[in-house]
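Single-structure report; data block below.
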Amino acid sequence: MLRKLFQEEGAKGALIATVSTVVVFGLAVWAIAASPNWNKVQNQFFSARHMSDSWPQVSRGFLINIELFLIAMVLIPVVSLLVAVMRSLRGPGFFPLRLLSLVFVDLFRGIPLYLLIVLLGFGVPTLRMDGVPNSARFWALTALVLSYSAYTAEIYRSGIDAVPESQRSSARALGLTQWQSLRFAILPQAVRNVVPALMNTVVSLQKDVALVGIVGVRDALREADIYTDRFFNYSSYMVATVLFLLISIPLTRAVDWYVARDRAQRAQVMA
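And the structure:
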């Protein structure tokens with residue numbers, strides 16, 4: 002990071018940036034430490050003893066967050082791509098599929114994720130339908146997949162619409178069917194165009210997985226809630242915060258790296 006800064010700004014610019022950063026953060030730390038209630042806040046949020054005691058159950062709950070995150074990451078691209086393809090089909094014969102995809106996107110983008118998890122996590126198990134899972138964990142995951150698939154489908158569709166119409170016409174002129182045109186000509190270009198946006202949704206999903214705790218799933222946040230209710234100390238929340246940051250920060254940096262690499266490759270092609 003520092004070497005890149007030296008390359009872009011030069012030695013003088015890098016020195017100014019370093020000094021200003023140290024000054025700003027130093028003043029922030031001093032202001033917080035000098036506040037009248039810092040000792041109380043430190044004991045409530047940064048207690049080493051409570052952080053150590055809550056670590057086993059919070060970290061165990063975090064494994065559930067990771068599990069749900071990985072499952073959702075596999076399902077969301079499949080569901081969203083199917084919805085986007087349905088909405089991109091042309092011709093009167095495909096109108097029911099286009100309408101179904103439109104209803105799906107409007108419905109699940111319009112319902113807040115928190116509310117959707119509550120409705121599915123508490124509502125569906127109450128019905129006690131034969132052959133339908135009654136696990137709140139299953140329906141919380143379903144809510145995540147449905148909500149994110151609706152948003153991701155629109156990202157895919159924007160990529161499909163960005164492909165020049167001549168590509169579709171050329172594929173049809175070669176005798177390809179509409180499905181074959183999408184599969185071999187349109188989708189490969191569309192997916193490549195929207196990968197940076199898709200990677201940003203991955204970062205967002207990693208954080209929103211914490212919402213599953215509202216229906217009783219004992220994830221990291223729920224375990225932190227239980228510990229706080231038992232000992233009236235918020236340090237367990239800091240443990241959960243650190244665990245999520247250990248995942249989200251590398252993901253964010255990976256997205257930045259990929260976007261920069263993709264921009265450089267496109268610049269080379271255009272040159």
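Add 1 to a position in the sequence shown, counting from 1, and you land on the number used in my numbering.
Ideal Cβ placement from N, Cα and C applies to all residues, glycine included.
- Under the rule that a run must span 4 or more residues, the alpha helix (DSSP H) segments found entirely inside the segment 64-122 read 96-111, 114-119.
- For A186 and L114, the gap between their C-alpha atoms comes out near 34 Å.
- Cβ atoms of Y149 and L82 stay farther apart than 8 Å, at about 13 Å.
- Here the C-alpha atom of L147 lies approximately 16 Å from the C-alpha atom of G124.
- For L98, same chain residues with a beta-carbon under 7 Å away, outside a window of 5 residues either side, are M87, L90 in chain order.
- When C-beta atoms of the segment 231-251 are compared with those of the segment 154-161, fewer than three pairs fall below 8 Å, so the two segments do not count as touching.
- Contact fails between the segment 51-62 and the segment 122-137, because fewer than three Cβ pairs, one in each stretch, are under 8 Å apart.
- Within the same chain, F245, S249 come within 8 Å of K208 by CB-CB distance, once the 5 residues on both sides are set aside.
- DSSP places S170 in the helix class (H, G or I) of the three-state scheme.
- Y235 carries a coil assignment under DSSP once its states are collapsed to helix, strand and coil.
- Boundaries of the alpha helix (DSSP H) around S205: 188-209.
- Secondary structure note for D162: its alpha helix (DSSP H) is the uninterrupted segment 137-163.
- The straight-line gap separating the alpha-carbon atoms of A268 and P251 is approximately 26 Å.
- The three-state secondary structure of S48, taken from DSSP, is coil.
- When rounded, the separation of the alpha-carbon atoms in F26 and W140 is 43 Å.
- Put simply, the backbone Cα of V84 is about 52 Å away from that of K41.
- In terms of Cα proximity to Q168, the closest of P189, L103, A154, I156 is P189.
- V59 and A225 do touch by the CB rule: their CB atoms are close to 5 Å apart, below 8 Å.
- In the structure shown, the three-state DSSP call for L222 is helix.
- With a cutoff of 9 Å on beta-carbon distance, V216 and A137 are scored as near each other.
- In this chain, the alpha helix (DSSP H) harbouring V125 covers 125-128.
- The Cβ atoms of P197 and V260 lie closer than 9 Å to each other.
- Collapsing the DSSP output to three states places P57 in a helix.
- In its chain, beyond the 5 residues on either side, L142 have a beta carbon closer than 8 Å to the beta carbon of I72.
- The alpha-carbon separation between L145 and L103 amounts to approximately 19 Å.
- By the neighbour-count criterion, in which a residue is buried when 16 or more other Cβ atoms sit within 10 angstroms of its Cβ, F233 is exposed.
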